[in-house]
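Working notes, structure below.
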Ligand SMILES: Cc1ncc(COP(=O)(O)O)c(C=O)c1O
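Residue numbers (the working numbering): 3 to 426.
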C-alpha cells in the first residue's frame with residue numbers, strides 16, 4: 003500500500019490539471035479591437051459587442067431574450083425586480099447553494115425561504131418546495147448544482163398550480179439540457195454567472211434569460227439606470243447601473259467559440275468518472291436522471307459513506323488535494339450560514355422581519371447529511387485532462403480509501419494541534 007502524499011508519500015498526480023480560464027490570441031485580439039474602438043463600457047445598453055454576445059449565448063443555450071449584467075447575483079435580483087417581487091414577498095431557495103441565491107432576492111427586498119434538497123441530486127426537493135409555500139410566496143429559485151439538474155417537471159407543475167415565478171440559477175449549468183431544453187429556458191428566468199471560475203467566463207459577468215420580451219425590457223431597464231427599453235416610454239423602476247462592459251462581451255464571444263468542445267469533453271469524462279467511481283468502497287455515484295439529457299457541469303459531486311469509506315470527508319478532501327487532485331467540500335447547508343442570521347445581515351428586509359429569518363431553527367436533514375458529511379466535489383478541470391485526468395483522480399481516491407484509517411488518525415491529530423492551513 004503506497005503512502006499517502008498527505009503523510010509524506012509521493013502524490014498520484016504531479017502534472018497540474020489544465021488551468022482556467024483558457025485563453026489564446028483570439029481573446030487578446032477581441033479585447034484590443036474593443037479598446038481601439040473607443041467604446042469600452044456598457045452605455046448605451048446594449049452595445050454592439052453585448053448584443054452579439056447575447057445572440058451567441060441564446061444560440062448556445064436556447065431562449066429568445068436575454069440581458070447582460072455585471073454578475074450572476076444581480077441577475078437574480080433583477081429577475082425579482084422585473085417580476086415585481088419585492089418587500090416582504092417570499093422566495094423559496096434550496097439549502098445547498100452559494101449564498102447569492104438567497105442574497106439576491108433579499109437585495110430586492112424579498113425573504114428567502116430555505117427548502118431541503120433531494121439527497122440524490124443536491125438540488126431542491128419539489129416536496130420541500132410544496133411544503134414551504136405560503137400566501138406570501140412569489141417565486142422559486144431552483145439551482146442546478148454539481149452536475150445535476152433540479153426536477154424541472156415537478157417544479158414547473160408546482161409553480162403553475164400556485165402561480166409562482168421560477169428563476170433557474172444556472173451558475174453551474176451553462177449548456178445543460180433538460181428533455182433537450184436548455185437550462186434557464188424552462189422557468190420564467192435563467193440566471194447565469196460568468197465569474198472567472200465558471201465554465202463560461204468573461205472575468206465577471208452575468209446573463210439573464212427572460213421568457214418574454216416584456217420581462218427582458220423590464221430587466222434591461224433595471225440594469226440601465228431605469229432608462230426605458232423596448233416599448234416602454236418611461237423608466238420601469240428606479241434602476242441602477244449593472245451593465246456589462248463591451249470588453250467583457252468581446253471576451254464572452256470568444257469563450258463561446260471554445261465552449262462546445264470543452265463542455266463535450268467534460269460530459270464524456272463525467273460519464274467515464276461515473277463508471278470508474280462505481281466500485282470504490284464507500285463511494286456513492288449520484289444517479290443520472292434520464293430527463294437530464296445534456297450534462298454540463300462546473301463541479302462534479304459524489305458522496306461517501308464516511309463509516310464505510312473509513313474516513314470523514316474533510317480528511318478525504320484534504321488527502322485528495324495532496325495527491326494532486328483539485329477537490330472541494332462544496333457549500334455548507336445554507337440555513338446554517340451566519341450570514342443569514344438577522345443580527346448579522348445588514349439588509350433592511352432581515353431587520354424588518356427578524357421572525358422570518360429564524361433559519362437556525364430549521365431542520366433540513368437532506369442538506370445536513372449531504373453538505374456536512376457526504377458530498378465531495380471535483381473541480382471541472384479534472385474532466386478537461388482526458389481519461390488520464392479522471393484515472394488519476396480515481397486512483398487517488400482509491401489510495402485514500404485504502405489508507406483511510408491512518409489518514410483519519412493523522413487528520414484528527416492535525417485538527418487537535420490547531421493546524422489551520424488545511425486549505426479546505
Ligand atoms: C450557484 C451560484 N449562484 C450564484 C452565483 C453568483 O455568481 P456571481 O459570482 O457571478 O455573482 C454563484 C457563483 O459565484 C453560484 O455558484
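Cβ coordinates follow ideal geometry from the N, Cα and C atoms, glycine included.
Inside the stretch 274–333, DSSP marks whole beta strand (DSSP E) runs of 3 or more residues at positions 301–306, from first to last along the chain.
Unbroken beta strand (DSSP E) runs of no fewer than 3 residues, entirely contained in the stretch 197–259, are found at 208–212, following chain order. As the crow flies, the alpha-carbon of residue 60 is around 10 Å from that of residue 210. With respect to the 8 Å criterion, residue 160 and residue 189 are not classified as neighbours on the basis of their beta carbons. Residues 7, 13, 14 and 398 of the same chain have their beta carbon placed closer than 6 Å to that of residue 325, with the five preceding and five following residues left out of the count. Residue 183 has 180 as its beta-bridge partners, per DSSP.
With respect to the C-alpha of residue 157, the residue from 295, 126 and 140 having the closest C-alpha is 126. Distances from the alpha-carbon of residue 128 to those of 320, 138, 143 and 342 put 143 closest.
Separation of residue 146 and residue 174 (C-alpha to C-alpha, rounded to the nearest whole angstrom) is 6 Å. In this chain, the beta strand (DSSP E) harbouring residue 170 covers 167–171. Counted as a single uninterrupted DSSP element, the beta strand (DSSP E) harbouring residue 379 occupies residues 377–381.
Between residue 220 and residue 84, the gap from beta carbon to beta carbon is short of 8 Å. Considering only 24, 386 and 48, the residue with the shortest C-alpha distance to residue 268 is 386.
Sequence-distant Cβ neighbours of residue 5 in its own chain, meaning closer than 6 Å and more than five residues away, are 11. Secondary structure note for residue 105: its alpha helix (DSSP H) is the uninterrupted segment 102–109.
Here residue 282 is not near residue 371, since their CB atoms are 8 Å or more apart. Per DSSP, the unbroken beta strand (DSSP E) holding residue 191 starts and ends at 191–195. In the DSSP assignment, residue 158 falls within the alpha helix (DSSP H) that extends over 154–164. Residue 309 holds the alpha-carbon nearest to the alpha-carbon of residue 407 among 394, 365, 379 and 309.
It is roughly 37 Å from the alpha-carbon of residue 376 to the alpha-carbon of residue 253. Around the CB of residue 419, fewer than 16 other CB atoms lie within 10 Å, so the residue is classed as exposed.
Taking 7 Å as the cut-off, the C-beta of residue 348 does not count as close to any heavy atom of ligand 1.
Straight-line spacing of the CA atoms in residue 226 and residue 403 works out to 53 Å. DSSP, read as helix, strand or coil, puts residue 16 in coil. At least 8 Å separates the beta-carbon of residue 88 from that of residue 138. Between residue 92 and residue 112, the C-beta spacing is below 8 Å. Residue 174 has its Cβ nearer than 7 Å to a heavy atom of ligand 1. Ranked by Cα distance from residue 16, the options 350, 287 and 323 are led by 323. According to DSSP, residue 68 shares a beta bridge with 211.
Residue 50: member of the alpha helix (DSSP H) spanning 50–63, first to last residue. Here residue 317 really is in contact with residue 409; their C-beta atoms are around 5 Å apart, less than 8 Å.
Within the model, the alpha-carbon separation for residue 94 versus residue 130 is close to 9 Å.
For residue 37, the enclosing alpha helix (DSSP H) covers residues 27–39. Rounded to the nearest angstrom, the gap between the Cα atoms of residue 223 and residue 199 is 28 Å. Between the C-alpha atoms of residue 49 and residue 246 there is a straight-line separation of about 9 Å.
Nearest Cα to residue 249 within the set 207, 243 and 114: 207.
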